[in-house]
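S.K.: In our numbering, the protein residues as written are -19 to 481.
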Ligand code: ZN
């Protein structure tokens, strides 16, 4: 007897295999590949990605989807079959609407733009990148028009990373955030600064690695289904729920660099390792959205890893690991040091409070690029004005300003807001967890992370991509996305740290 759902699964599995194979090649490219491999690797990646795209966007997928949809007998959003059909339909319709000529044009323009961006950054010359960025904006608007949208073209681009969320919803949430965030940043700036000198002592790399991996193991990261390597920029990549890898980079004279990036990537990896293995080789074996993915990273990095209970447990162990650096340091001094807030130029180095201002600035500029209200040539000036307005610092060079991030050179418009959506989602989840898990912070101070991980596994991780972010959040917290929980968290934590009234 023909089973339309098995037929659909059998058809989609090789798409996931091709994507996973491409991910292995991309991981190797960032970790172990010699420079000489670059040109061939780019071709290999492009071949695998276009094979995956062709198979997924084929008419056959459409036919199999129609048959499978008729065979689904429930509208339970968590039912595997119903979710498979719903999510595949959403992604398929989106892929099928973009003409393959436009896909090819975007891919070619992106590789040229990335080269130009690298050169522009090295030479600190925005004009080398500007014409490429203009092309990418034009092509992205074309793509948005092909996909369709409710209010503005940016909706169609955002949807790729945050299905179910509109630009207007993001903008109003960010507005609410800004209203209370700016006074907090101002109050911190007026308070006596916290000293982080203890973090800038000598921390040999092998010990950083051993300590960090011990913590990752304690948190629940399964090294039998993952590994950690070194790359220029830390990332997490999943080839299957049984092989989820993370990378980091070390700075021997600045402890937080590797440690917090390990916890951050570890949070992403715990999500991927927690997806129901039954969803493997389907489009469901992925995070609900980039924002939800980021929420898992930030929850472990900030709400756990930068909390006082966490360091009550780990600081004596850290002191044992680095006696020369930390023998004369107390827990409070260390806890304050890892939570120092200071407006700075570079997003990826920003503290957890000012980070959001970097993100909102990018969101507003790229929304303007896509709706035509911002011209590419005005970006450097607008960037510096916005930095001055929101953070009170202005970069001396465009390399440290408008050229610092890779995202626009990859044509990724709509990606930036997911970082702050992740921050807000993490705080919202954390309030729900505090309600559900009695004595959560005491458990953390005892080094018991199981209750927290179990909560996340049951309510978030195992579902993979079955629920869109707004549905997941509503189901788990009973509320829509809001800036309030994060503002409560930040005002409490940094109010106490900086002695604000
Ligand atoms: Zn992340």
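Virtual Cβ for every residue (Gly too), placed ideally from N, Cα, C. As the structure is a computational prediction, the values presented were derived from the model and not from experiment.
(1) Going along the chain, which residues of its own chain have a beta-carbon closer than 7 Å to the beta-carbon of residue 427, five neighbours each way excluded?
(2) Quick one, which of 299, 391, 307, 397 has its alpha-carbon nearest residue 327's?
(3) Below 8 Å on the Cβ atoms is my guess for residue 250 versus residue 395; work out the distance and round it to an integer in Å.
(4) From the DSSP output, which residues share a beta bridge with residue 210?
(5) Based on the DSSP output, what are the partners of residue 223 in its beta bridges?
(6) Can residue 113 and residue 382 be called in contact, C-beta distance under 7 Å?
(7) Which residues in the same chain have their Cβ closer than 7 Å to the Cβ of residue 313, if we skip the five residues on either side of it in sequence?
(8) By a C-beta neighbour count over all protein chains shown, 10 Å radius and 16 as the cutoff for buried, is residue 80 buried or exposed?
(9) Given 6 Å as the limit, tell me if residue 252 has its C-beta closer than that to any heavy atom belonging to the ligand ZN.
(10) Using the Cα positions of residue 261 and residue -6, report the straight-line distance between them to the nearest angstrom.
(11) Beta-carbon within less than 6 Å of residue 400's beta-carbon, same chain only, minus the 5 sequence neighbours each way: which residues are those?
(12) Spatial neighbours of residue 23 within its chain, please: CB distance less than 8 Å, with the 5 preceding and 5 following residues excluded, ordered by chain position.
(13) Given the structure, does residue 277 come close to the ligand ZN, in the sense that its CB is under 6 Å from one of the ligand's heavy atoms?
(14) By a C-beta neighbour count over all protein chains shown, 10 Å radius and 16 as the cutoff for buried, is residue 135 buried or exposed?
(15) Quick one: measure Cβ to Cβ for residue 216 and residue 224, integer angstroms, because I've assumed they're closer than 8 Å.
(16) Can you check which of these residues, 343, 275, 173, is closest to residue 475 by C-alpha distance?
(17) If you draw a straight line from the C-alpha of residue 200 to the C-alpha of residue 193, how long is it?
(18) Looking at C-beta atoms only, is the number of pairs between the stretch 123 to 137 and the stretch 431 to 448 that lie closer than 8 Å three or more?
(19) Give me, in chain order, the residues of the same chain whose beta-carbon lies closer than 8 Å to that of residue 74; leave out the 5 immediate sequence neighbours on both sides.
(20) Are residue 67 and residue 221 close, meaning C-beta to C-beta below 7 Å?
M.R.: On the basis of the data shown:
(1) Contacts found: 198, 293.
(2) 397
(3) Wrong, their Cβ atoms sit about 22 Å apart, outside the cutoff.
(4) 228
(5) 220
(6) no
(7) 178
(8) exposed
(9) no
(10) 8 Å
(11) 336, 339
(12) Same-chain partners within the cutoff: there are none.
(13) yes
(14) buried
(15) Correct: roughly 7 Å between the Cβ atoms.
(16) 173
(17) The alpha-carbon of residue 200 is positioned some 11 Å away from that of residue 193.
(18) no
(19) 127, 139, 140
(20) no
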